[in-house]
Amino acid sequence: MALLEIKNLQLEFGTGPKPARAVDGLSLRLEAGKTLCLVGESGSGKSVTALSIAKLLPTPPARYVGGEIWLEGRDVLRMSPRELQGIRGGVVSYIFQEPGASLNPVFRIGAQIKESLQYHRPELAHDSEVIRLLRLVGIPAPEVRLKNYPHEMSGGMQQRVMIAMALASQPKLLVADEPTTALDVTIQAQIIELLRDLRQQLGMAILLITHNLGIVGDIADDVAVMYAGQIVETGRVNEVLSHPLHPYTRALIGSVPRLGNHASRLTAIPGAVPRIEAFPQGCRFHPRCPDVQPSCSLQAPELSTVGTFRQVRCPFSSTNPSTL
Amino acid sequence: MSLLEIDKLKVYFPIRKGLLDRAKECVRAVDGVSFSIEAGESVGLVGESGCGKTTLSRAVVQLIKPTSGRIIFEGEDIANLSEAALRVRRRRFQMIFQDPYSSLNPRLTVLDLIGEALDIHSLVSDAAARRERVEGLLKSVGLDPSHAARYPHEFSGGQRQRIGIARALAVEPRLIVCDEPVSALDVSVQAQIINLLKDLQQELGVAYLFVAHDLAVVEHISHRILVMYLGRIVEAGEAKNLCRSPKHPYTQALLSAVPVVDSESKRPRIFLGGDVPSPIHPPSGCPFHPRCPIAEARCKTEVPLLREVEADRAVACHLVT
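From first to last, the protein sequence lines are chains X and S. As numbered in this note's numbering, residues 2 to 325 make up the first sequence, in order. As numbered in this note's numbering, residues 6 to 326 make up the second sequence, in order.
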């Protein structure tokens with residue numbers, strides 16, 4: 002049994018004759034102790050998918066119109082509020098993009114971590130456990146640091162505190178929503194390294210959400226690429242990065258600036274992710290696709306299986322040039 | 006003559022404390038920086054948060070008054086000009102900001118956002134000419150001219166940054182200071198903006214001072230790169246060459262932190278412990294020594310000076326020969 006299995010999730014916002022479908026038939030699978038990266042541009046629906054795992058989206062305005070989210074063998078979407086309270090933190094913890102905005106500015110960080118302990122492991126809500134957690138996430142001089150307020154720490158340190166807080170409840174799954182986007186590249190490398198270490202030490206699974214394919218190869222086992230509410234390609238990370246099949250995956254890889262690449266232009270993806278209420282007919286990527294065919298605007302492609310772990314939503318993937 | 010010449014620029018911020026409000030200490034945000042930019046050239050400025058790169062870029066366009074040093078733009082020292090004299094000269098140098106969400110007035114339409122720049126410098130005679138000029142600028146940055154009547158919230162992040170670029174271009178500057186113009190954008194959109202800036206440079210011959218923390222981004226747009234650490238330049242050189250063979254241990258660490266997609270080109274990662282130290286109490290000797298993997302005894306006491314180690318490459322490190 003997988004730790005997390007999302008089956009055909011359909012999520013809508015708003016009501017009326019044309020509600021906006023933010024997630025449309027998404028399926029994912031994450032085994033215990035593994036790392037899955039969910040990749041896509043802003044507006045592709047990756048964050049709302051992640052928030053759905055602990056049903057953190059307020060309903061309304063969100064509406065789950067179909068699908069199941071199985072977490073440790075139980076369907077999150079059919080849980081009572083009391084059961085939901087149990088899995089939030091208990092099974093799945095979150096860290097977000099802006100650590101500064103997620104921490105309470107008027108409490109010392111030690112007290113904030115202790116609060117998390119009080120909820121989940123009250124017998125351990127002491128300074129000594131807080132210090133152990135801070136040390137675990139690589140904060141120097143934790144005995145002193147736990148007295149700090151969030152504003153006394155740098156962005157990288159704040160993100161480490163967020164991770165310590167998420168780990169306080171010993172979750173089986175850590176959902177990291179763009180954890181390094183607001184940070185410098187040097188600090189980004191540190192945080193990714195820390196997550197990889199922690200996964201190994203603690204055996205927890207990680208769902209990492211990012212728009213930068215450059216950091217995916219460092220940490221992921223599997224990768225799922227999302228576009229306009231749907232998964233367009235998924236597979237083992239090495240296969241996807243070395244032989245991307247979907248034109249969108251190729252374009253995303255191409256847009257990461259590479260050192261020592263002497264080509265005069267970066268390969269940008271023209272245009273922007275379509276607005277949720279105006280997804281194009283047929284393949285949702287076709288207006289931006291460099292390999293577009295006449296039939297792409299007519300028929301919406303299905304996610305088809307190619308190889309054991311590989312799925313791709315493009316009927317022309319076998320004929321597309323799969324070179325980088 | 007260079008377009009811009011910065012000579013021993015220092016920007017200190019006093020910290021006032023106590024009953025008498027006396028300046029006891031100061032933050033040495035920029036501590037003796039010298040470099041120059043030629044016409045039509047792009048110079049990249051890289052470093053971590055807190056290294057002083059934003060302060061330096063703001064001092065260049067006189068949004069912050071420097072403590073000492075000279076800023077010679079087109080042969081004239083602009084560091085000590087009056088506001089009125091400065092305003093006339095601002096037409097020649099402009100700035101693009103990091104956050105396209107907070108740098109555009111939400112109550113103005115695109116026509117007025119860009120038109121405002123034209124009004125200040127009296128570049129257009131009437132409303133029709135103003136509209137025509139704005140529509141031309143929108144077209145040149147890849148936006149639909151018919152969108153001139155829209156407000157900023159109707160645009161995506163990448164499109165807003167294009168509006169910011171159009172506004173900077175409106176007064177036909179010779180130098181544009183870009184402070185992290187793509188850091189807030191998705192990678193896919195980052196590439197669009199970088200390509201646009203490069204195209205505009207070829208077309209108009211404008212010079213850039215391009216500030217960022219990601220060396221891969223900077224390498225793509227710059228002819229020369231300056232690496233900054235704790236208020237000082239620690240390495241400077243031709244862009245491709247500097248990225249191929251970095252000499253300063255800090256540049257090497259910065260380069261190794263750049264995310265790469267394909268595993269073949271991956272370099273062994275050099276992890277820098279900790280953060281940039283406080284510029285109020287910078288470490289003695291070489292400011293980088295507490296985080297440096299190869300520091301020696303003398304690094305703790307002697308301050309290394311920026312010196313030429315080979316043609317077109319200057320490094321501030323005792324251990325680089």
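Just so it is clear, CB atoms sit at the ideal spot from N, CA and C, and this is done for glycine as well. Source: prediction; values computed, not measured.
{"Query": "Expected contact under 8 Å - CB spacing of S:Pro178 and S:Arg96 to nearest Å", "Result": "7 Å"}
{"Query": "S:Phe276: contacting residues in chain X (beta-carbon distance under 8 Å)", "Result": "Ala190, Gln191, Glu194"}
{"Query": "Cβ contact (3+ pairs, closer than 8 Å) linking the region 65 to 78 of chain X and the region 94 to 103 of chain X", "Result": "no"}
{"Query": "Chain S contact residues for X:Asn9, given Cβ-Cβ distances below 7 Å", "Result": "Those within 7 Å of X:Asn9 in chain S number zero; the least Cβ separation is about 27 Å."}
{"Query": "Cα-Cα separation between X:Cys284 and X:Thr50, rounded to whole angstroms", "Result": "21 Å"}
{"Query": "Contacting residues, own chain, Cβ-Cβ under 6 Å from X:Ala288 (five flanking each side not counted)", "Result": "In the sequence under discussion, the amino acid at residue 288 of chain X is Pro, which differs from the Ala named in the question. Once the five neighbours on either side are set aside, the close Cβ partners of X:Pro288 are Pro281."}
{"Query": "Helix, strand or coil at S:Leu86 according to DSSP, with G and I counted as helix", "Result": "coil"}
{"Query": "DSSP three-state assignment for X:Val274, whether helix, strand or coil", "Result": "coil"}
{"Query": "Test: S:Ile125 CB closer than 7 Å to a CB of chain X", "Result": "no"}
{"Query": "Whole-angstrom distance between S:His253 and X:Lys386, CA atom to CA atom", "Result": "This structure leaves residue 386 of chain X out entirely; chain X is present only between 2 and 325."}
{"Query": "Buried or exposed by the 16-neighbour rule on C-beta atoms within 10 Å, applied to S:Ser250", "Result": "exposed"}
{"Query": "Inter-stretch contact (C-beta, 8 Å, three-pair minimum) for the region 205 to 217 of chain S and the region 270 to 280 of chain X", "Result": "no"}
{"Query": "X:Ser45 at chain S interface by Cβ criterion, 7 Å", "Result": "no"}
{"Query": "S:Arg167 - containing alpha helix (DSSP H), residue span", "Result": "162 to 174"}
{"Query": "Closer than 7 Å to chain X by CB, S:His225", "Result": "yes"}
{"Query": "Closest residue to S:Glu46 among S:Ala189, S:Arg229, S:Cys291 (Cα-Cα distance)", "Result": "S:Arg229"}
{"Query": "Identity of the residues DSSP links to X:Phe14 by a beta bridge", "Result": "X:Ala21, X:Ala63"}
{"Query": "Exposure of X:Ala167, with buried meaning 16 or more beta-carbon neighbours within 10 Å", "Result": "buried"}
{"Query": "Residue range of the beta strand (DSSP E) that includes S:Lys15", "Result": "9 to 22"}
{"Query": "Beta carbon proximity, X:Pro180 to chain S, threshold 7 Å", "Result": "no"}
{"Query": "4-residue-minimum alpha helix (DSSP H) runs that sit fully inside the region 142 to 207 of chain X, ordered along the chain", "Result": "143 to 146, 156 to 168, 186 to 203"}
{"Query": "X:Ser323 versus S:Cys183 - alpha carbon distance", "Result": "Interpretation of X:Ser323 is limited by its pLDDT of 46, a score under 50 that renders its predicted location unreliable; no figure is taken from the coordinates."}
{"Query": "Supposed contact pair X:Ile232 and X:Val226 - C-beta distance, whole angstroms, cut 8 Å", "Result": "7 Å"}
{"Query": "Whole runs of the alpha helix (DSSP H) within the region 213 to 286 of chain X, excluding any shorter than 4 residues", "Result": "217 to 220, 238 to 243, 248 to 256"}
{"Query": "7 Å Cβ cutoff, S:Ala316 in contact with chain X", "Result": "no"}
{"Query": "Chain-ordered chain S contacts of X:Asn213 [CB-CB under 8 Å]", "Result": "Val192, Pro264"}
{"Query": "Within-7 Å CB hit, X:Thr16 to chain S", "Result": "no"}
{"Query": "Sub-7 Å separation of S:Lys15 and S:Gly74 beta-carbons", "Result": "yes"}
{"Query": "Test item: CB-CB of S:Pro298 and S:Pro288 under 7 Å", "Result": "no"}
{"Query": "Endpoints, beta strand (DSSP E) assigned at S:Ala217", "Result": "212 to 217"}
{"Query": "Contacts that X:Asp185 makes with chain S (C-beta to C-beta distance below 7 Å)", "Result": "Glu53, Ser54, His218"}
{"Query": "Cutoff 7 Å: X:Ile84 Cβ touching any chain S Cβ", "Result": "According to the sequence provided, residue 84 of chain X is Glu. The question's Ile does not apply to it. By this cut-off, X:Glu84 is not an interface position."}
{"Query": "Where X:Arg75 falls: helix, strand or coil (DSSP)", "Result": "strand"}
{"Query": "Residue burial classification, S:Tyr106 (beta-carbon count within 10 angstroms, cutoff 16)", "Result": "exposed"}
{"Query": "Contact between the region 22 to 38 of chain X and the region 197 to 210 of chain X (3+ Cβ pairs under 8 Å)", "Result": "yes"}
{"Query": "Beta-carbon gap between X:Gly46 and X:Ala21 smaller than 7 Å", "Result": "no"}
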